[in-house]
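Read top to bottom, the protein sequences are chains A and B.
Residues in the first sequence are numbered from 1 upward in steps of one, following the UniProt record's numbering.
Residues in the second sequence are numbered from 1 upward in steps of one, following the UniProt record's numbering.
2 protein chains.
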Amino acid sequence: MSTKQKPEDRALHLEQFLPYRLNVVGFFASRALGRVYGTRFGIGIPEWRVIAQLGEFGQLTSRDIGELSQMHKTKVSRAVSELDKRGLVTRAENRADRREAFVALTAAGQRLYAQIVPLALAFEERWIEGIAPEELRVFERVLAVLTERGRHLAGAYQTEEA
Amino acid sequence: MSTKQKPEDRALHLEQFLPYRLNVVGFFASRALGRVYGTRFGIGIPEWRVIAQLGEFGQLTSRDIGELSQMHKTKVSRAVSELDKRGLVTRAENRADRREAFVALTAAGQRLYAQIVPLALAFEERWIEGIAPEELRVFERVLAVLTERGRHLAGAYQTEEA
DNA sequence: CCCAGTTAGTTACAAGCGCAACTAATGTCA
DNA sequence: TGACATTAGTTGCGCTTGTAACTAACTGGG
Chain A
1 MSTKQKPEDR ALHLEQFLPY RLNVVGFFAS RALGRVYGTR FGIGIPEWRV IAQLGEFGQL
61 TSRDIGELSQ MHKTKVSRAV SELDKRGLVT RAENRADRRE AFVALTAAGQ RLYAQIVPLA
121 LAFEERWIEG IAPEELRVFE RVLAVLTERG RHLAGAYQTE EA
Chain B
1 MSTKQKPEDR ALHLEQFLPY RLNVVGFFAS RALGRVYGTR FGIGIPEWRV IAQLGEFGQL
61 TSRDIGELSQ MHKTKVSRAV SELDKRGLVT RAENRADRRE AFVALTAAGQ RLYAQIVPLA
121 LAFEERWIEG IAPEELRVFE RVLAVLTERG RHLAGAYQTE EA
């Protein structure tokens, strides 16, 4: 006879419960970054993500931005509108498909991007400082697996339950 | 002369930017769990956290709950009120300090807790399934370091900038 | 004993969010 | 070609959230 413990008999300790821990660390990340961008540049996380993607890829539709940065289309829409209002991005209608528009950084947007990138990298550097490189590699590999699995467990935006 | 790259010269790739990745995985965790609790029990993440802490520790003040589960005191206040309204917790004034009250699960609350725990553990199990135990241990150790550092980088709630 | 400072918890308010519904444009298939 | 489905993007709405302000109770130094 097996004496192995059935899952339903194990106790739950929230502070060791992985989903909880991931949510907490993600919250800290968001909050800390929000302070950096917010206090120095007056932008929020969604705006920052839009700028980051445009800085990296040059020109994208809102749909692409949402997919690349895991944001709901309404959040993208509002972030792009805000950045447009501030003169940091432009929207150019795609003549081949007039439903969509190509969003790109203006000169001012590019200057802002150039300012933020070093801060973001320094922030990341300070955060992972002192962690052994090989441990960090393991961490990132596991994180990638958990993220991909989490995506399925969570279900994508506006997707019907299959 | 050194040829090492200065940080400000490195490029930023959002999808590899750690704060972003942590935020995304935390979002998936929260969303997936929210579905489990929400659809089956009609409660949200804050309510779940309160129940989890009470199930583990038996009796706590709202302040303790907030500290243990990393929630703002207003969020705790609202979650406890909601659970009280549903008859899942009771509030008993502490006679030695009448500002605070001891919150505890009712019998119904304990039954709910007993129902949720196996689901939560099974969810976690499904999420980490197939990941090598030693990699998981490394992951969790690094996660603990990042969380602690993130707590400081983010700053606690309603704390003045020191 | 008293008064200034601190703490537990609640609430008004505004900002941010996702869902659902909508408009406008494109794709599809007979 | 024409009717129906799909897609990009916006907006109205209700819900959740954190900040700030508040009440009530406790603490401690004089």
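Idealized CB from N, CA, C, for every residue including glycine.
Keep in mind that this is a model prediction, so the values were computed, not measured.
- Note that the segment 24-34 of chain A touches the segment 132-151 of chain B; at least 3 beta-carbon pairs, one per stretch, sit closer than 8 Å.
- DSSP assignment within the UniProt domain "HTH marR-type" (8-148) of chain B yields the following whole alpha helix (DSSP H) runs of 4 residues or more, N-terminal first: 18-41, 45-57, 62-69, 73-85, 107-128.
- When the Cα atoms are used, I45/A and A120/B turn out to be separated by approximately 30 Å.
- Residue contact with chain B for V80/A: absent (no Cβ-Cβ distance below 8 Å to any residue of chain B).
- Chain-order list of chain A residues neighbouring V25/B: L22, G26, L143, L146, T147, G150, by C-beta distance under 8 Å.
- Within chain B, the residues L14, Y20 have their CB atoms less than 9 Å from the CB of R49/A, given in chain order.
- Chain B places no beta carbon closer than 8 Å to that of Q59/A, leaving this residue out of the contacts.
- Exclusion of the five residues before and after L68/A leaves Q53 as the residues of its chain whose Cβ lies within less than 6 Å of its Cβ.
- With a beta-carbon spacing of about 7 Å, S62/A and K73/A fall inside the 8 Å limit used to define contacts.
- Contact check for V50/A against A79/A passes: the beta carbons are separated by less than 8 Å.
- At the C-beta level, L146/A and V103/A stay beyond 8 Å of one another.
- At least 8 Å separates the beta-carbon of L136/A from that of G109/A.
- Residue state for G150/B is assigned as helix, using DSSP reduced to three classes.
- In the assembly as shown, P19/A is a buried residue. Its beta-carbon has 16 or more other beta-carbons within 10 Å.
- Across the structure, R35/B and W48/B are spaced so that their CA atoms are roughly 12 Å apart.
- One alpha carbon belongs to K85/B, the other to R141/B, and they sit about 39 Å apart.
- Between the alpha carbons of M71/A and F57/B lies a distance of about 37 Å.
- F123/A and R10/A have their alpha carbons spaced roughly 39 Å apart.
- Contact check for R21/B against L143/A passes: the beta carbons are separated by less than 8 Å.
- At least one CB atom of chain B sits nearer than 8 Å to the CB of A32/A.
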